[in-house]
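Protein chains in written order, with my numbering: chain R, 975 to 1198; chain F, 16 to 237; chain P, 208 to 471.
Below, the structure is given as structure tokens:
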């Protein structure tokens, strides 16, 4: 986990889904290694903004870049080499017969070794469940498995969409520790989260979106 | 009034390695707000299903011990709102009206109930929206409204605030207290023991399917 | 895209039973029709249905994508490789009876696709539920029909989410046939597993909302019906009955004639 994080930039980005603007001429720069929390009510544009980093959404106007890559010219599977995206609803990606197999899927796809897989499983307290079928596990644990799958890909930018939704304190602490380890290692982290405890524990900068624009942007005192 | 009575109740899912519930004894009374806490896999969700009479009837498995359900109108809300949509309704209004309509209530009564519950959950402005287009938080509040439209005497909730922002979560727990004050028995499983403790009249902690604490909500481990 | 699209066309505004009756009649009639001209007329009627439903824009593409490969196959199997007599058309030798047969089969498929996809696009599942509830149809039958109509869009939406999630884990689409085959597992398995888990959850959801209460459901907002629509549905039934009776009669006469000839 000593890979350097990458800068992330949205420049003059606008987008709509055909029923009103979701993002309005938004510009935002996140420096390498920063830990940012993205807040805002439902419909404020947070998810659209983050999905642009993977190329899942192409802005109607403006430019999105991750490091020296313009996202416009890249497919999502290419962006996966740099950005790890943990979806809010975990079940959409679980398919392997065991937790370990599922977590190893991403690293194998990217041509990375599986060396990090066992380390991440241990980090998220999933080692004892490595041989279990993901669908035999409770929903919060399945969500943790998908997070492990993302972290095992050694992303230089981590995007987390509500990473602690439905978690008790124990699971939240695991996620906080894992995120802190990455930010300490210089990985850029962007988290969409309603969880105040999580945000105050990891974020060094808090950005609030409202109506597709940045309504507030402040640094925090969090050790992160 | 005792709405649910369990005595040495144990429940095992079909093909389960270990019992999901092991020797549970408890009474749930009207007017109570019972907070259930425990690590994932401890049995809180299963306890809700058993208390509501949904297990083993709908999920299979075997129940032993004694269970008496005096509640006549149980209603349940799960943590994942998008799995609780009927898939048959084009609007939020119709979705919330689905339950009362299934019970053959009159149209005027249904309309009045739905309007009241939507307002209570602060989602009246979503009445004509397609449920499939709502965010997680909006949808969860709609599902709670749908559960309340049945005017339950026993309300079971499994992590109902998972998708809600802090203000909406506070509002939901206030509502649960209000419902209990009007006589409904409420059982809510949640990892958010701090928030639940403020609203609950009783806290139960489960570990490996057994009750390890049953008493003051504030004494539940966070 | 396959699935219901809101709109204000006559089909959208009609009682849900009406487009179902018209499309159902077309489906029955294409199998009673035997000549390319008859089937062609019915296929055109199905296309006209799509136009009336304002659905041509999103029905034509999937219908043609499914129909055209079938047409090609039929042309080769029957038009080229069919029985004599053959006629030269440019460099090809086309079988006349084979071509006629291909036109009938191809026309049937086209009519079925256009009619079925138009119904999917213009009949609102929610309105259909209300219509069936008002007519006293059991919830089980209602749910079965409506779920069948909505299964494709639901699975498609789910598949889209899975595709995104797996692409974000480095799954690349396209490439060699082997690579494509290997990509199926991570795409199809979550679809199936998730769909099965969803069935469990939906059973719970529906039960908790009282579908097994045993009481007669209230139709909250049943769609209005009208005398002309009612009459149209009856006309469809009569036409289908007439067409099939005629076909059956022809068949019996043919069998009778053959039997007589054999007897001589």
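Ideal Cβ positions, reconstructed from N, Cα and C, are used throughout, including at glycine.
- Under the 10 Å beta carbon count, residue 1056 (chain R) is surrounded by 16 or more other beta carbons and is classified as buried.
- Against chain P, a Cβ distance below 7 Å from residue 113 (chain F) picks out 416.
- In this structure, residue 305 (chain P) lies near residue 286 (chain P), with their beta-carbon atoms less than 8 Å apart.
- Within the same chain, Cβ atoms closer than 7 Å to the Cβ of residue 132 (chain F) are found at 111, 160, 163 and 164, the five residues on either side in sequence being excluded.
- For the segment 1129 to 1157 of chain R, no residue has a beta-carbon sitting nearer than 7 Å to a beta-carbon of chain P.
- Closer than 7 Å at the C-beta level to chain R, one finds these residues of the segment 359 to 393 of chain P: 368, 369, 371, 372, 373, 374, 375, 376, 377, 378, 379, 392 and 393.
- Not one beta carbon of chain F lies nearer than 8 Å to the beta carbon of residue 341 (chain P).
- In this structure, DSSP gives residue 222 (chain F) an extended state, which the three-state scheme calls strand.
- A Cβ of chain F is located within less than 8 Å of the beta carbon of residue 424 (chain P).
- Residues of the segment 92 to 108 of chain F with a C-beta less than 8 Å from any C-beta of chain P: 93, 95, 98, 99, 100, 101, 102, 103, 104, 105 and 106, listed in chain order.
- Contact with chain R is absent for residue 233 (chain F), since none of that chain's Cβ atoms lies less than 8 Å from the residue's Cβ.
- Going by DSSP, residue 1036 (chain R) is part of the beta strand (DSSP E) stretching over 1035 to 1040.
- When the Cα atoms are used, residue 1155 (chain R) and residue 188 (chain F) turn out to be separated by approximately 34 Å.
- Against chain F, a Cβ distance below 9 Å from residue 409 (chain P) picks out 98, 99, 100, 101 and 102.
- By the neighbour-count criterion, in which a residue is buried when 16 or more other Cβ atoms sit within 10 angstroms of its Cβ, residue 369 (chain P) is buried.
- The beta carbon of residue 290 (chain P) is closer than 8 Å to those of 302, 304 and 305 in its chain, skipping five residues each way along the sequence.
- Going by DSSP, residue 223 (chain P) is part of no alpha helix (DSSP H) at all; its letter is neither H nor E.
- A straight-line Cα-Cα distance of about 15 Å links residue 224 (chain F) and residue 50 (chain F).
- The three-state secondary structure of residue 228 (chain F), taken from DSSP, is strand.
- Judged by pairs of C-beta atoms under 8 Å, the segment 205 to 222 of chain F touches the segment 168 to 178 of chain F, as three or more such pairs exist.
- Between residue 1103 (chain R) and residue 1111 (chain R), the C-beta gap is smaller than 8 Å, which places the two residues in contact.
- Between the segment 405 to 412 of chain P and the segment 89 to 101 of chain F there are three or more inter-stretch CB-CB distances shorter than 8 Å, so the stretches are counted as touching.
- Collapsing the DSSP output to three states places residue 410 (chain P) in a helix.
- When beta bridges are read from the DSSP output, residue 1190 (chain R) appears opposite R:1182.
- Assigned with DSSP and collapsed to three states, residue 80 (chain F) falls in strand.
- According to the DSSP assignment, residue 984 (chain R) belongs to the beta strand (DSSP E) that extends over 982 to 990.
- Only 52, 54, 55 and 56 from the segment 44 to 57 of chain F bring a Cβ to less than 8 Å from some Cβ of chain R.
- Those residues of the segment 1032 to 1058 of chain R placed with their C-beta closer than 9 Å to a C-beta in chain P are 1049, 1050, 1051, 1052, 1053, 1054, 1055, 1057 and 1058, ordered along the chain.
- DSSP, reduced to helix, strand and coil, places residue 463 (chain P) within a helical segment of the structure shown.
- In this structure, the CA atom of residue 451 (chain P) is about 37 Å from the CA atom of residue 104 (chain F).
- Within the model, the alpha-carbon separation for residue 71 (chain F) versus residue 65 (chain F) is close to 7 Å.
- Judged by DSSP in its simplified three-state form, residue 319 (chain P) adopts helix.
- Looking at the backbone, the Cα of residue 334 (chain P) and that of residue 1072 (chain R) are separated by about 43 Å.
- With respect to the 8 Å criterion, residue 328 (chain P) and residue 211 (chain P) are classified as neighbours on the basis of their beta carbons.
- For residue 293 (chain P), the pairing in a beta bridge is given by DSSP as P:302.
- With its beta carbon less than 8 Å from one in chain F, residue 1168 (chain R) belongs to the interface.
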